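Student:
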Amino acid sequence: MHSPVEKIKERLSINDVISSYLTITQAGKNYKAKCPFHNEKTPSFFISPERGSYYCFGCGAKGDIFSFVEHFEGTDFLGALKLLAEKAGVTLERKSYESKDKTERLYDIMEEATTFFELNFERQPEARSYLRGRGLSDPTIKSFRIGYAPSVWRSVSDHLLSKGFTREDIEAVGLIKTSDKGFYDRFRGRIIFPISDSSGRVIAFSGRIFALSSDQTKKSEVEEAKYLNSPDTQLFNKSNVLYGIDKAKVAIRSRGYSIVVEGQMDLILSHQALFLNTVAVSGTALADSVNDTESKINNLGLIRRLSPNVIFAFDGDQAGIRAASRASSIALSLDMQVKVAVLGEGEDPADIISSDPLKWKEIIKNSVNIVSFHIDRICKSTDDQRQRGKKVREIIFPFLGMVRSSIERSAYINEIHNKTGLTESAIIEDFTTYERSIPISQTASEKVEEKTTISRRDSLINRLFGIIFWNEKAPIKGLNIEELLQKFKGKIGIEIFNKIKEAHEPFAENLAFESEMWYGSKTDDILRDIIELTLNLEEEILNDERILLQPLDSEEKLTKFDNITKRIQEIKQSRSL
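Residue numbers (this note's numbering): 492 to 1068.
1) Leaving out five residues on either side along the sequence, give the residues of the same chain with a beta carbon under 8 Å from the beta carbon of E715.
2) If T657 sits next to Q763, beta carbons under 8 Å apart, how far is it from one beta carbon to the other, in whole angstroms?
3) Enumerate in chain order the residues of its own chain whose CB-to-CB distance from R681 is below 8 Å, with the five nearest sequence positions on each side excluded.
4) Hey, is the region 1027 to 1036 in contact with the region 996 to 1008, meaning 3+ C-beta pairs nearer than 8 Å?
5) What is the C-beta distance between V829 and S819, in whole angstroms, given that I count them as a contact (C-beta under 8 Å)?
6) Out of curiosity, what's the CA-to-CA distance linking D611 and Q755?
7) Going by DSSP, what residue range makes up the alpha helix (DSSP H) through N909?
8) Could you check if K1063 is buried or exposed, using at least 16 other CB atoms within 10 Å of its CB as the buried criterion?
9) Quick check: what's the CA-CA separation for T1025 versus E1061?
10) To the nearest angstrom, how far is the alpha carbon of E1007 from that of I509?
11) Take the Cβ of I929 as the centre, count every other Cβ of all protein chains shown within 10 Å, and call the residue buried at 16 or more, exposed below.
12) Assuming contact is defined by CB atoms lying nearer than 7 Å, are R752 and L758 in contact in what I supplied?
13) In the DSSP output, what is Q517 paired with across the bridge?
14) So is T594 in contact with chain D if we call contact Cβ pairs under 7 Å?
15) Just list the residues that DSSP pairs N1073 with in beta bridges.
16) With which residues is T769 paired in a DSSP beta bridge?
17) Which residues does DSSP list as the beta-bridge partners of N989?
18) Could you give the uninterrupted runs of the beta strand (DSSP E) lying entirely in the region 531 to 558, keeping only those of 3 residues or more?
19) For I684, is the classification buried or exposed, using 16 other Cβ atoms within 10 angstroms of its Cβ as the cut-off for buried?
20) By how many angstroms is the C-alpha of G984 removed from the C-alpha of L976?
21) Specify, as a first and last residue, the run of the beta strand (DSSP E) that R681 falls within.
22) On the DSSP letters alone, give me the boundaries of the beta strand (DSSP E) that Y675 sits inside.
23) Is the number of C-beta pairs between the region 529 to 544 and the region 594 to 601 that are closer than 8 Å three or more?
24) Around the C-beta of V741, are 16 or more other C-beta atoms found within 10 angstroms, so that it is buried, or is it exposed?
25) To the nearest whole angstrom, what separates the beta carbons of A571 and L503, a pair I think is in contact under 8 Å?
26) Using the three-state DSSP reduction, which class does G638 fall into: helix, strand or coil?
27) Using a Cβ-Cβ cut-off of 6 Å (strictly less than) and excluding sequence neighbours within five positions of N1054, which residues of its own chain qualify?
28) Which same chain residues, not among the five before or five after T873, have their C-beta less than 7 Å away from its C-beta?
29) The beta strand (DSSP E) with K668 in it runs from where to where?
30) Have a look at L891 and Y903 and give me their C-alpha separation to the nearest angstrom.
31) Between which two residues does the alpha helix (DSSP H) carrying V732 extend?
32) Near T923, which residues of its chain fall below 8 Å by C-beta distance, leaving aside the five closest residues on each side in sequence?
33) Could you tell me the distance, in whole angstroms, from the CA atom of G549 to the CA atom of R744?
34) What is the residue span of the beta strand (DSSP E) that I505 lies within?
35) Taking just the CA atoms, how far does E1023 sit from S950?
36) Give the DSSP-derived three-state secondary structure of K968 in the structure shown.
Here's what the structure looks like:
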């Protein structure tokens, strides 16, 4: 009997799966695309339908349909299995509680708790009346699985214990808290909004306080926070997910941009009004890098993979403007194209959408870039040139410093000049001074580039030894590379050559496959490339040797340094011939 994994692979080809995420083009019997896992201008991401695998020559990412979905969606194997099973129409068998590992049990707890909250919501007409009053329809409430946590010390925990789940596991997902007197439910007397990962599994909750008219206990607890969110757990890291991402990801990809709002009601009403490419930060937190410390994809990193274009649509008050500014700063540092929706003072998306969806459509349509947004606010706040100049330096320059394109930066400077009346030369001079005054630091996207892009030396070794292993496995017709390799061994030393080869032999099959995929039947280019690869690799090795000679504190070291430098110059000259 075939396993679910085998059934899925039989029904889904790798090019079909990857083409649902990326634009791919045919390259002989294979396909290629721009790699989604690192920034690149020229496609180096190759897909082999024959082997059911992919490989990126730029960053080394490789695997099958499961590893691709895991990496792209920022989920685990179980999440990828769920997504691909749904796509393939494969039913996953239910396992007994005892046979499941801890992670599976934790997901089961969250699913059971969600169902419990939903059933309790159905029994509370006041909660339903409140949400209807906010503009939510019954199908929307059901779609987002909104629930209610009774205002008693132990409701969901007693229910879960009765279902056979352990107290340790219930606490591990953040549903109970422990005190000297025992344990009690984290969520009590609240409307519950389940938070799901990109595969649709519930991983956390956000609860809005809501006291029933008959609930005197809850009324006395007026000091409780309006919203309460799950803590970070094994399933939930607030920086790895955005509320509604599971429902929005397809629309973000197809429409080419995302809308990020603040609250749950903003998000749910947006989807009800068919702004399906909307996600929210409620119950989560924007991370200032693409990956976290465990190399898991963070929330803005995930929507950047879906589309680099984002509109932040936060409340029109000062807190919303500050939040939009911080979010825009993070997105710009990740090399995203950022716009901000302009709302009136005191306006919030939920109220606008529920009263006039067409007005919201116009607001989104007329979104402006973050620099223009703040320039307009500065011009409205004061006519004084000195004050305008001061605010430009304080508010605009930090955003301007994140813009990588000189052309874009020049256009913004021209816009500042036209709208504020400040002279262009003064703006440029002040901005130059500002840039010199800030510490030199890498942006988050540059940091992630370091993590995902293999070094030049490793890339050269992989290319060269891929050809060598390919030729050893199945001698390439009309190709004799032994003479070239003997010369190369003589230059770098047979011992170094053997050490490199020995280190890469465990990956021989993959490297050979990569070369076969890269060259296909075009073997005429291989000899020329071997010459170039061996020269470049020799130069890299010599540069490393030259560094190791430092300091030049002996005649022997000095002589070696001069000889290495001479050979490097010979290599450089040979390229220009």
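Quick reminder that beta carbons are idealized off the backbone N, C-alpha and C, glycines included. Source: prediction; values computed, not measured.
Tutor: According to the data block:
1) Counting from one through the sequence shown, the residue named residue 715 turns up at place 224. Sequence-distant partners of E715 (beyond 5 residues in either direction) whose C-beta falls short of 8 Å from its own C-beta, in its chain, are I700.
2) Counted from its first residue, the sequence shown places residue 657 at position 166. Counted from its first residue, the sequence shown places residue 763 at position 272. Taking 8 Å as the upper bound for CB-CB distance, T657 and Q763 are not in contact here, some 38 Å apart.
3) Residue numbering aside, residue 681 sits at position 190 when the sequence shown is read from its first letter. Only Y639, A640, G698, R699, I700, F701 and L719 meet the Cβ criterion.
4) Two segments are said to touch when three or more pairs of C-beta atoms, one from each, lie closer than 8 Å; by this definition the region 1027 to 1036 does not touch the region 996 to 1008.
5) As a first step, residue 829 is located in the sequence shown; it is residue number 338 there, counting from the start. As a first step, residue 819 is located in the sequence shown; it is residue number 328 there, counting from the start. Indeed, because the Cβ distance is near 5 Å, the residues count as touching under 8 Å.
6) Residue mapping note: residue 611 aligns to position 120 of the sequence shown, counting from 1. Residue mapping note: residue 755 aligns to position 264 of the sequence shown, counting from 1. Note that residue 611 is Asn in the sequence shown, not Asp. Going from the Cα of N611 to the Cα of Q755 covers about 20 Å.
7) Locating residue 909 in the sequence shown gives position 418, where the first residue counts as 1. Element bounds for N909: S897 to T911.
8) One-based indexing of the sequence shown puts residue 1063 at position 572. The C-beta of K1063 has fewer than 16 other C-beta atoms within 10 Å across all chains shown, which makes the residue exposed.
9) On the sequence shown, position 534 is the one that residue 1025 refers to. On the sequence shown, position 570 is the one that residue 1061 refers to. Separation of T1025 and E1061 (C-alpha to C-alpha, rounded to the nearest whole angstrom) is 14 Å.
10) Translated into the one-based positions of the sequence shown, residue 1007 becomes position 516. Translated into the one-based positions of the sequence shown, residue 509 becomes position 18. Taking C-alpha positions only, E1007 is separated from I509 by approximately 21 Å.
11) Within the sequence shown, the letter at position 438 stands for residue 929. A residue is called buried when at least 16 other Cβ atoms come within 10 angstroms of its Cβ; I929 does not meet this threshold and is exposed.
12) By one-based count along the sequence shown, residue 752 stands at place 261. By one-based count along the sequence shown, residue 758 stands at place 267. The question names Arg, but residue 752 in the sequence shown is Val. In this structure, L758 lies closer than 7 Å to V752 by Cβ.
13) By one-based count along the sequence shown, residue 517 stands at place 26. In DSSP, Q517 forms a bridge with Y522.
14) Chain labels in this structure do not include chain D; a single protein chain is all it has.
15) Because the chain in this structure spans residues 492 to 1068, residue 1073 falls outside the shown range and cannot be described.
16) Counting from 1 along the sequence shown, the entry for residue 769 is found at position 278. For T769, which the question treats as bridged, DSSP gives the partners I750.
17) In the sequence shown, the residue the question calls residue 989 occupies position 498. Beta-bridge partners assigned by DSSP to N989: none are found.
18) Entirely contained in the region 531 to 558, the beta strand (DSSP E) runs reaching 3 residues are, in chain order, 536 to 539 and 544 to 547.
19) Taking the sequence shown and counting its residues from 1, one reaches residue 684 at position 193. Note that residue 684 corresponds to Phe in the displayed sequence, not to Ile. F684 should be labelled buried.
20) For the purposes of this step, residue 976 is taken as the residue at position 485 of the sequence shown. For the purposes of this step, residue 984 is taken as the residue at position 493 of the sequence shown. Their Cα atoms are separated by approximately 11 Å.
21) Taking the sequence shown and counting its residues from 1, the one referred to as residue 681 is at position 190. It spans R681 to S687 - the beta strand (DSSP E) in which R681 sits, taken as one unbroken run.
22) Here residue 675 corresponds to residue number 184 of the sequence shown, with the count starting at 1. From DSSP, the beta strand (DSSP E) with Y675 extends over G673 to D676.
23) Using a Cβ-Cβ distance cut-off of 8 Å, the region 529 to 544 and the region 594 to 601 are not in contact, since fewer than three pairs of beta carbons, one from each stretch, lie closer than that value.
24) Along the sequence shown, one-based indexing puts residue 741 at 250. The C-beta of V741 has fewer than 16 other C-beta atoms within 10 Å across all chains shown, which makes the residue exposed.
25) As a position in the sequence shown, residue 571 is number 80, starting the count at 1. As a position in the sequence shown, residue 503 is number 12, starting the count at 1. With 8 Å as the limit, A571 and L503 do not qualify as a contact, their Cβ atoms being about 12 Å apart.
26) On the sequence shown, residue 638 is found 147 positions in, with the first residue counted as 1. Three-state result, G638: strand.
27) Residue numbering aside, residue 1054 sits at position 563 when the sequence shown is read from its first letter. Counting only Cβ-Cβ distances below 6 Å, and skipping sequence neighbours, we find nothing.
28) By one-based count along the sequence shown, residue 873 stands at place 382. If we look at T873 and ignore the five residues flanking it on each side, its Cβ neighbours are R879.
29) Walking along the sequence shown from the start, residue 668 turns up at place 177. From DSSP, the beta strand (DSSP E) with K668 extends over I667 to S670.
30) Taking the sequence shown and counting its residues from 1, one reaches residue 891 at position 400. Taking the sequence shown and counting its residues from 1, one reaches residue 903 at position 412. L891 and Y903: Cα-Cα distance of roughly 8 Å.
31) The residue given as residue 732 occupies position 241 in the sequence shown. Judged by DSSP secondary structure, V732 falls outside any alpha helix (DSSP H); it is assigned neither H nor E.
32) Sequence index remark: in the sequence shown, residue 923 carries index 432 (1-based). Within the same chain, T923 has no close Cβ partners at all.
33) Along the sequence shown, one-based indexing puts residue 549 at 58. Along the sequence shown, one-based indexing puts residue 744 at 253. Spanning the alpha carbons of G549 and R744 requires a straight line of approximately 23 Å.
34) Here residue 505 refers to the residue found at position 14 when the sequence shown is read from its first residue. Counting along the chain, I505 falls outside any beta strand (DSSP E), though it belongs to the alpha helix (DSSP H) covering I505 to S510.
35) In the sequence shown, residue 950 corresponds to position 459, counting from 1. In the sequence shown, residue 1023 corresponds to position 532, counting from 1. Cα-Cα distance, rounded: 13 Å.
36) Here residue 968 corresponds to residue number 477 of the sequence shown, with the count starting at 1. In the three-state scheme derived from DSSP, where H, G and I count as helix and E and B as strand, K968 is classed as coil.
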